[in-house]
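Note that the protein sequences, when read in sequence, are chains L and R.
Under our numbering, read the first sequence as residues 160 to 356, first letter to last.
Under our numbering, read the second sequence as residues 160 to 356, first letter to last.
Backbone N, C-alpha and C define an ideal beta-carbon position, used for all residues, glycine too.
A short write-up of the structure that comes next.
There are 2 protein chains.
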Amino acid sequence: MNKINRVESKTEQVEHKLVNGVNVTKLSDIMDGIRSNPVISKFNFRAKGKWIGGGHNQTTINDFYGACQTHSRSQPFVYDEDEPPILLGEDHGANAGEYALAALSSCLTTTLIYYAAAQGVVIDEVETTLSGDSDLQGFLGMSENVRNGYEKIKVAFKVKSKAPKEKVREFVELARKRSPVFDIISNPTPIEISLQE
Amino acid sequence: MNKINRVESKTEQVEHKLVNGVNVTKLSDIMDGIRSNPVISKFNFRAKGKWIGGGHNQTTINDFYGACQTHSRSQPFVYDEDEPPILLGEDHGANAGEYALAALSSCLTTTLIYYAAAQGVVIDEVETTLSGDSDLQGFLGMSENVRNGYEKIKVAFKVKSKAPKEKVREFVELARKRSPVFDIISNPTPIEISLQE
């Protein structure tokens, strides 16, 4: 992971360059592909939720659409969400707000890693610490002056790399600028809700 | 789950009313508590992220602050996030965008269930189907006209209940109106990013 590896692909007879575990040869191929046929850049991600009881839900994630076809995982990912006892649940998993922090953390980190890889810059370690302030009065409808969700989210990055500090700061800035989940949380995203009757 | 249960708490000598698995006696106590001392409504949720390699990250969720104290789970929840091979990962878990859908699904469902419970309305089943449209040109910085995150998210609810359809529609509307994660995705949420140096 910590050095640039070159991997021979026997089937394709091309040299693949790996940086930070990211195949930057393929990354460059994807970008070339999108330039010649922008429709392959369209993705559709999916999830199915099921209420188990009380504050406990399960979300199953399997197939998605991208590059003009539907892809399925070898096995679906199944995640349990629940509330802690103080919020009337039984702690079968993290709660929805915590899942949102997990989504943000991993999205910012992956964006940082992919952009560093694209520039050939080796990153040794990345750690994030996130927290979100919330006031129950919003969710409970007890005050119209309090929002339902996080009032503010804080993300602290710790990055180890032999690259100059200025370069690391640049990748943190690129993570903010390009992370899909940073975008959907910090900017408005339209959500259409329907009820099957 | 499908009927209103009354549970005697031997220690407290009070009758607890459970609807949909939610202890509505405690829910009402929480609201009374907040009315007399609003500071107990303040929560702070937390997550720690660690980059594993390539598109693979791990998020650990354990303690949170709420009702004037820090709470810890009996064991931390550890979630793996990764990209599928077509996005240069190895599928060790759902990706960040899919985690965001899981957060939204569970938050809307729990909000619906808690509000129905508070009104004493029994819900038999809830299922959700979510999808989000995304265009890689945003993340890759290939077009300033394409956003990084989801252009639009669709959520379809399927709810089984003996309650009148109008009532079920009302709870779906309350889920939209009060869900914390619906709020942070559909409205702007400030995110402060720092880099420890």
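When beta bridges are read from the DSSP output, R:N182 appears opposite R:L177. Closest option to R:W210, judged by alpha-carbon separation, among R:N196, R:A275, R:V237 and R:P347: R:V237. Residue range P339 to S345 is occupied by the alpha helix (DSSP H) that includes L:D342. Judged by beta-carbon spacing, R:G213 lies within the 9 Å limit of R:E249, meaning their Cβ atoms are closer than that value. In this structure, the straight-line span from the alpha carbon of R:I193 to that of L:A255 is close to 22 Å. For R:I211, the enclosing beta strand (DSSP E) covers residues K201 to G212. Residue pairing by DSSP leaves L:G300 without any beta bridge partner. Straight-line measurement puts the Cα of R:Y309 at about 26 Å from the Cα of L:Q278. Here L:S231 carries a coil assignment [DSSP, helix/strand/coil]. About 6 Å separates the Cβ atoms of L:F341 and L:C266, confirming a contact at the 8 Å cut-off. Here the alpha carbons of R:A322 and L:E351 stand approximately 24 Å from one another. Where L:I350 is concerned, the enclosing beta strand (DSSP E) starts and stops at I350 to Q355. Under DSSP, L:E240 takes part in a beta bridge, and its partners are L:N216. Among the bridge pairs identified by DSSP, L:A276 is matched with none. Judged by DSSP in its simplified three-state form, R:Y309 adopts coil rather than helix or strand.
Non-local beta-carbon contacts of R:E284 in its own chain, meaning distances under 6 Å to residues more than five positions away in sequence, involve K319 in chain order. Beyond the five residues adjoining it in sequence on each side, R:S338 comes within less than 6 Å, by CB distance, of C266, L267 and T270 in the same chain, given in chain order.
What R:T218 touches in chain L, judged by beta-carbon distance under 7 Å, is A261, S264 and S265, going in chain order. Residues of the region 311-326 of chain R with a Cβ closer than 9 Å to any Cβ of chain L, in chain order: K311, I312, K313, V314, A315, F316, K317, V318 and K324. Inter-residue distance for R:V281 and R:F330 is about 12 Å (C-alpha atoms, whole angstroms). Using a Cβ-Cβ cut-off of 9 Å, R:K201 counts as an interface residue toward chain L, since at least one Cβ of chain L sits closer than that to its own. Taking a contact as a CB-CB distance under 8 Å, the pair L:S231 and L:D222 counts as one, their CB atoms being some 5 Å apart.
Closer than 8 Å at the C-beta level to chain L, one finds these residues of the region 171-184 of chain R: N179, G180, V181 and N182.
Along the region 279-304 of chain R, going in chain order, the ones with a CB nearer than 9 Å to a CB of chain L are I282, E284, V285, E286, T287, T288, L289, S290, G291, D292, S293, D294, L295, Q296, G297, F298, L299, G300, M301 and S302. Of the candidates R:A275, R:I344 and R:P349, the residue whose Cα lies closest to the Cα of R:E325 is R:A275. With its beta carbon less than 9 Å from one in chain R, L:N254 belongs to the interface. The C-alpha of L:S302 lies about 10 Å from the C-alpha of L:D294. Distance between R:K185 and R:F204, taken at the CA atoms: about 21 Å.
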